[in-house]
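*Asks:* Numbering (my numbering), first residue to last: 27 to 168.
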Amino acid sequence: MKILVINGPNLNMLGIREPEIYGSATYQDLVDIIQREADTMGVEVSFYQSNHEGDLVDAIQQAYGKIDGIVINPAAYTHTSVALLDAVKAVGIPTVEVHISDPDTRDEFRKISYIRAACKATVKGKGFAGYLEAMHILCDSN
Ligand code: CA2
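1. So, under 8 Å CB-CB, residue 29 and residue 93 are touching, yes? Tell me the CB distance rounded to an integer number of Å.
2. Using DSSP with H/G/I as helix, E/B as strand and the rest coil, what is residue 103?
3. Below 7 Å CB to CB, which residues in the same chain sit around residue 109 once its five sequence neighbours on both sides are set aside?
4. In its own chain, which residues sit with a C-beta less than 7 Å from the C-beta of residue 117, not counting the 5 before and 5 after it?
5. In terms of residues, what are the limits of the beta strand (DSSP E) holding residue 64?
6. Compare the Cα-Cα distances from residue 158 to each of 48, 97, 115 and 40 and report the closest residue.
7. Using the Cα positions of residue 122 and residue 99, report the straight-line distance between them to the nearest angstrom.
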C-alpha cells in the first residue's frame, strides 16, 4: 500500500505562527509522526507540500497509477479550488481530506470544502492525529 500525503499553502509554516490554532509542532515533526505510523502499519508513505495550486494539481496527477491512497490537507485551497476537486476526481485515487483545526467552527468562508465531494472521508479538528486516522481509513478500505 502506497500513500501520498499532500499539504497545501502555508502548512510549511507549522509551529512558527498561530500555535493556538495549529499547535507548536513543525511541518518536519508532522512528517516524522506520519512516517513512524506508516512504518508501524507497513505502509509506504511519501510527502508533498506546496504553496501553489497548479503544483498540487500536478502532484495529484502524477500519483495516477503509482499511489493507492491520498491524504490531503489542501489548506486554504479547500475553500476555493475546483481544480483540486477535479484532479482528485480525474485520478480516481481514494482520498481522505484532513484539517488540523475544525474549519466548520471558524470563519463562515471555511465551511465550504470543494474537494470534500471527491473524498471518501474528512477528518477535522484532531490535530496531527487526524493524518494518522486518515491513513488508517485508507488502509482499512483497501
Ligand atoms: O485546519 C487546517 O488544517 C486548515 O486546512 C489550515 C488552513 C486553513 O486555511 C483551513 O481553513 C484549515 C491554513 C493553513 C495555514 O497554516 C499555518 C501554519 C502556521 C502558521 C500560519 C498558518
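Ideal Cβ positions, reconstructed from N, Cα and C, are used throughout, including at glycine.
*Replies:* On the basis of the coordinates in this document:
1. Looking up residue 29 in the sequence shown gives position 3. Looking up residue 93 in the sequence shown gives position 67. Right, their Cβ atoms sit about 7 Å apart.
2. As a first step, residue 103 is located in the sequence shown; it is residue number 77 there, counting from the start. Three-state result, residue 103: helix.
3. The residue labelled residue 109 in the question sits at position 83 within the sequence shown. Excluding positions up to five away in sequence, the list reads 79 and 83.
4. Looking up residue 117 in the sequence shown gives position 91. Around residue 117: 86, 87, 89 and 90.
5. Along the sequence shown, one-based indexing puts residue 64 at 38. That residue, residue 64, is in no beta strand (DSSP E); its alpha helix (DSSP H) goes 53-67.
6. Against the sequence shown, residue 158 aligns to sequence position 132. Of the candidates 48, 97, 115 and 40, the one whose C-alpha sits nearest the C-alpha of residue 158 is 97.
7. Numbered from 1 along the sequence shown, position 96 holds the residue referred to as residue 122. Numbered from 1 along the sequence shown, position 73 holds the residue referred to as residue 99. Distance between the alpha carbons of residue 122 and residue 99: 9 Å.
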